[in-house]
């Protein structure tokens, strides 16, 4: 049997990049059941309300929605159950220290398969205020307009 290679993104949390300032990123493995893996391979998941936390030296991912597998029977999983994250002890301690500072949270950015194994990209993030969000949108729009003006000028110059 041929092993899967490369990276296949299942879900991304675009709202997290808008609502939070990303400080640091970590890649973590997930402890999943069989029907969860099959549902993820079908490309179905939502990270919108998801968050992670550290409890008694273990990292957990909560409120991530992986819908039930269509061909599953009584062995199907609960769609929003807690899932254990697989991280090294030092990484868990760093995450615990960052979150305990105050104002920081652990947010899942993307859920993907890396060489056939389910992974989640976690971010240590700080919540943005409303004016920060507007400022970010304004900067993005200004950059887009400047790029558009440069492209049109380059086309006219040729």
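Residue numbers (the UniProt record's numbering): 1 to 158.
Every residue gets a Cβ at the ideal spot worked out from N, C-alpha and C, and that includes glycine.
Spell out the partners DSSP gives residue i in its beta bridges.
{"i": "residue 119", "result": "29, 112"}
{"i": "residue 105", "result": "125"}
{"i": "residue 11", "result": "111"}
{"i": "residue 52", "result": "61, 106"}
For the alpha helix (DSSP H) holding residue i, just list the boundary residues, first then last.
{"i": "residue 36", "result": "34-41"}
{"i": "residue 90", "result": "89-100"}
Please determine, among the options, the residue with the shortest C-alpha to C-alpha distance to residue i.
{"i": "residue 49", "options": "7, 16, 38, 42", "result": "16"}
{"i": "residue 72", "options": "37, 138, 18, 141", "result": "37"}
{"i": "residue 68", "options": "91, 94, 52, 40", "result": "40"}
{"i": "residue 93", "options": "9, 21, 31, 53", "result": "53"}
{"i": "residue 31", "options": "140, 117, 151", "result": "117"}
{"i": "residue 132", "options": "20, 155, 7", "result": "20"}
{"i": "residue 80", "options": "91, 63, 154, 148", "result": "63"}
{"i": "residue 95", "options": "55, 6, 78", "result": "55"}
{"i": "residue 51", "options": "5, 78, 105", "result": "105"}
{"i": "residue 11", "options": "45, 145, 22", "result": "45"}
Can you tell me whether residue i is helix, strand or coil according to DSSP?
{"i": "residue 160", "result": "Because residue 160 is not part of the residues shown, which for the chain are 1 to 158, the question remains open."}
{"i": "residue 23", "result": "strand"}
{"i": "residue 61", "result": "strand"}
{"i": "residue 149", "result": "helix"}
{"i": "residue 5", "result": "coil"}
{"i": "residue 160", "result": "As shown, the chain starts at 1 and ends at 158. That puts residue 160 outside it, with no answer to give."}
{"i": "residue 16", "result": "helix"}
{"i": "residue 71", "result": "coil"}
{"i": "residue 76", "result": "coil"}
Is the beta carbon of residue i within less than 8 Å of some heavy atom of the ligand PLP?
{"i": "residue 46", "result": "As presented, the structure is devoid of all ligands, the ligand PLP included, so that no description of it is given."}
Following the continuous beta strand (DSSP E) through residue i, name the residue where it begins and the one where it ends.
{"i": "residue 86", "result": "83-86"}
{"i": "residue 45", "result": "Segment: none, residue 45 is in no beta strand (DSSP E) and carries neither H nor E."}
Quick one: does residue i have its CB under 9 Å from some CB of chain C?
{"i": "residue 123", "result": "Of the protein chains in the structure, only one exists, and it is not chain C."}
* Looking at C-beta atoms only, is the number of pairs between the stretch 81-96 and the stretch 46-64 that lie closer than 8 Å three or more? -> Put simply, the stretch 81-96 touches the stretch 46-64. At least three CB pairs are less than 8 Å apart.
* Say whether the stretch 118-136 touches the stretch 23-31, bearing in mind that this needs 3 or more beta-carbon pairs closer than 8 Å, one atom from each stretch. => A contact exists between the stretch 118-136 and the stretch 23-31.
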